[in-house]
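Take a look at the structure below.
Numbering (full-length UniProt numbering), first residue to last: 1 to 162.
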């Protein structure tokens, strides 16, 4: 190691910059046990989330028991809404359960679906699970959360560079 040199002049003070937003710094899980119903409801579960930034996206996951019963060639659609509106960017977050030739089969199964939603402003967001009819199908007997836990997980994520 060599000799210590003379102290140089101090540089100009720079701007502090925008700071760093770390992925998954803001997330929440809402969970319910044994809902057993809400067959025809646009508000089965409601999870209130505080979104911190207007330029981020929300990633939402639903996991729980879903079933359709007492029908053949029938379909029900479960979906996520944000403050009463389904996602439009990039598209809806949903899942369908379709059954063929299963009139007397009461098939309760764990199912999950997830997706990203952009263009949601900062502030309080009501993230809701609802169920409705599939396009081109009638109104059938749906069941959500039978004899098990259901959960909605929400994460605020950085905007994608793609």
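Idealized CB from N, CA, C, for every residue including glycine.
Exercise. Taking the alpha carbon of residue 113 as the point to measure from, which residue in 107, 96, 126 has its own alpha carbon closest?
Worked result: Comparing Cα-Cα distances from residue 113 to each of 107, 96, 126, the minimum goes to 96.
Exercise. At which residues does the beta strand (DSSP E) containing residue 150 begin and terminate?
Worked result: Taken as a continuous stretch (DSSP letters only), the beta strand (DSSP E) holding residue 150 covers 149 to 157.
For this session: Just mark residue 156 as buried or exposed, buried being the case when its beta carbon has 16 or more other beta carbons within 10 Å.
Result: By the neighbour-count rule (16 or more Cβ atoms within 10 Å), residue 156 is buried.
Problem set entry | Reference residue 34; option with closest CA among 160, 148, 158 | Nearest option by C-alpha distance: 148.
For this session: Determine the DSSP secondary structure at residue 29, reduced to helix, strand or coil.
Result: Three-state DSSP puts residue 29 in a strand.
Exercise. What do you get for residue 51, buried or exposed, if any count of 16 or more other CB atoms within 10 angstroms of its CB means buried?
Worked result: Residue environment: residue 51 is assigned as buried (16 or more neighbouring CB atoms within 10 Å of its CB, all protein chains considered).
For this session: Compute the distance between the beta-carbons of residue 152 and residue 62, then report whether it is under 8 Å.
Result: Residue 62 sits close to residue 152, with the two beta carbons spaced by under 8 Å.
Problem set entry | Secondary structure of residue 114, DSSP reduced to three states | Note: residue 114 maps to strand in three-state DSSP.
Problem set entry | Cα-Cα separation between residue 16 and residue 94, rounded to whole angstroms | Cα-Cα distance, rounded: 42 Å.
Problem set entry | N- and C-terminal bounds of the beta strand (DSSP E) containing residue 46 | Where residue 46 is concerned, the enclosing beta strand (DSSP E) starts and stops at 45 to 51.
For this session: Mind checking who residue 76 pairs with in its DSSP beta bridge?
Result: Its beta-bridge partners are 97, 133.
Exercise. Skipping 5 residues on each side, what residues in its chain have a beta carbon closer than 7 Å to that of residue 83?
Worked result: When the five nearest sequence neighbours on each side are left out, the beta carbons in the same chain lying within less than 7 Å of the beta carbon of residue 83 are those of 125, 126, in order along the chain.
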